[in-house]
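Letter by letter, the sequence shown follows residues 39 to 550 of the working numbering. The block underneath contains the structure these notes are about, expressed in structure tokens.
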Amino acid sequence: MNAGSHGAVLSSPADVFAVCAKVAKATGCYLTYSTKTKKNIVPSAQCKADGEAWLTSLQSANHMQLGANFLGSVPSRVIDSWDKVSEWIRFAAKTPLNAEHKPVPQKVISSVLYLIAASDEACGGIGLPDGGDTGFFGLVSNWRLIRRGTLCRFLDSNVVRVLPKQHTPKFGLNIRNLTHHLAFIENSEVGVRWNINPILDKKRASFNILLVPWPFEVLPSDIQASVRESGTSNMGYFDYVPKADVDVIGSVSSLIERAQSMGQRVDLVVLPECSINESQWKALSKVLLLKKVSLLAGVAGRGAQGVATNSVKLKVPGNPGDLLSQNKHHRWKIEKNQIQSYGLGGTLSCQSEWWENIEIKPREVNFFAFTDDLVVCPLICEDLARQDPVADVVRSVGPNMVIALLMDGPQLSNRWSARYASVLADDPGSSVLTLSSLGMVNISRPPRGADRRQVIASWREAQGGFVEIDLPPGTHGALLNVQFVRETEQTVDGRGDSGVASCPTLTGIHYV
């Protein structure tokens, strides 16, 4: 391979990583780490040192010339290993499908695993507001990430994506255990948007989230059979429309003032699924921007054809546009037990299955890097439970926090939301916040003798237990103090991350 083509590929560690991760996943060669001998595996300290040296060669704009001068500063082991891998790929591509299977040569396995580790080390801090000392390479990588939803320079994002990564799983042995900083996603229908929007002063000790379980009242009659025809006798559609004549701006502003009177600053206000309509969103977000408070809310709207939409939106101070408008990926299905639980027998027949009458658009997942310690991924209700097709993306990236907006009953430890929150807390290690409306919690009718508390939200973190957030009488919101505890995570090859893995930890709850 000539210097020019070498330089082009090696100027993008993400592309090198993607190719090698694909080989590792397709062949299972990473299982070498589970053997006693680990024959010819490059020591983790050498991988780390070479990755850092590779980054140094990328920190100057001169590498864009892609010539021999650039290659002269790339560690020779990186160049030699890429030679071995690319040569084997060309050979494998020419091998007839009916040819006898031959194991991957050990020198190729060693090169693949080495390049995965070295490229991972070269990309530490990419995708974060500060991002470490990555220089021009970091600027270009972040630009590509924001514009294209991938760190890859050459590979088609419809085939493979490489994204920044926040957590390395502590258990199991799979492709996600190999890296700290890079996530590998292939053949996914899910689009990705990565946003870098620092909203928190680095000197602040905590990130404060105000949970507003709006609407405070929901009537069973607010959920009604839709006029949309299903085409079958035992299936129908239902509509839910939040009330538009209730003063959500006054209620939210009042709760912010109460929190501030307690000496608490409010950084982010969170409202549940379908809590407000489009006009309320525009008005409320405008008011909160003046207060320098971010807003994350579930919004009920209408699409171009008049079909209902169910989305989550985000707006932050300093950015006049909506950073996020992510549609729900799965419809809610109401069955007999939920008709009974929510008192919907006056409007929905228990002889039928009822599907949420919303538009399902192409799937997309958003990640928001608010600080180097906090990358947030919002989800809507069923998207937490029916995790396909977004689960692989979320688990691969391992966001520091997942916020699930729900239209659900009490957020008790024995409910479905708690089970799925525990899955993400265990692997990849995300902290998970769920929030439902007080109105939905109140119309939920559990079996006789069951818990009737107003548990509007829950918190689950990797190192802590499950916390039910239960509103005391006379309160209508909860302000959470979240601090960031850094821990050292290890890859399966033994590389530590120097303690940069951030675990959002709940350190206080103030009811307002």
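Every residue, glycine too, gets a C-beta built ideally from N, C-alpha and C.
- Annotation note: the stretch 305-341 contains the following uninterrupted alpha helix (DSSP H) runs of length 4 or greater, listed N- to C-terminal: 316-328.
- A straight line joining the alpha-carbon of L471 with that of L544 spans about 10 angstroms.
- Within the same chain, and ignoring the five residues on either side of V146 in sequence, the residues whose Cβ sits closer than 7 angstroms to its Cβ are K122, V123, W126.
- Per DSSP, reduced to three states, the secondary structure at Q144 is helical.
- For D531, the closest of P51, P207, G447, I494 by C-alpha to C-alpha distance is P207.
- Annotation for S82: the continuous alpha helix (DSSP H) segment containing it runs 82-96.
- Between the alpha carbons of G341 and E397 lies a distance of about 7 angstroms.
- Note that the stretch 365-381 touches the stretch 417-432; at least 3 beta-carbon pairs, one per stretch, sit closer than 8 angstroms.
- In this chain, C58 is not harboured by any beta strand (DSSP E); it is covered by the alpha helix (DSSP H) spanning 51-65.
- D508 carries a strand assignment under DSSP once its states are collapsed to helix, strand and coil.
- Contact check for D158 against H205 fails: the beta carbons are separated by 7 angstroms or more.
- In the three-state reduction of the DSSP assignment, I237 falls in the coil class, being assigned neither a helical nor a strand state.
- Leaving aside the five residues that flank K330 on each side, the residues in its chain whose CB is nearer than 7 angstroms to its CB run, in chain order, P355.
- The shortest C-alpha to C-alpha distance from R191 to any of A91, S50, G173 is the one to S50.
- By the Cβ criterion, the stretch 252-272 is not in contact with the stretch 516-531, since fewer than three pairs of Cβ atoms, one from each stretch, lie closer than 8 angstroms.
- Excluding the 5 residues flanking it on each side, V61 has same chain C-beta neighbours closer than 6 angstroms at V150, in chain order.
- In this structure the stretch 242-260 lies against the stretch 497-517, because at least three pairs of beta carbons, one per stretch, are closer than 8 angstroms.
- Rounded to whole angstroms, T347 and S482 show a C-alpha spacing of 24 angstroms.
- Unbroken beta strand (DSSP E) stretches of 3 residues or longer found wholly inside the stretch 357-434: 362-365, 391-394, 402-409, 412-418, given in chain order.
- Bounds of the beta strand (DSSP E) holding M273 are 273-278.
- Straight-line spacing of the CA atoms in F406 and P134 works out to 45 angstroms.
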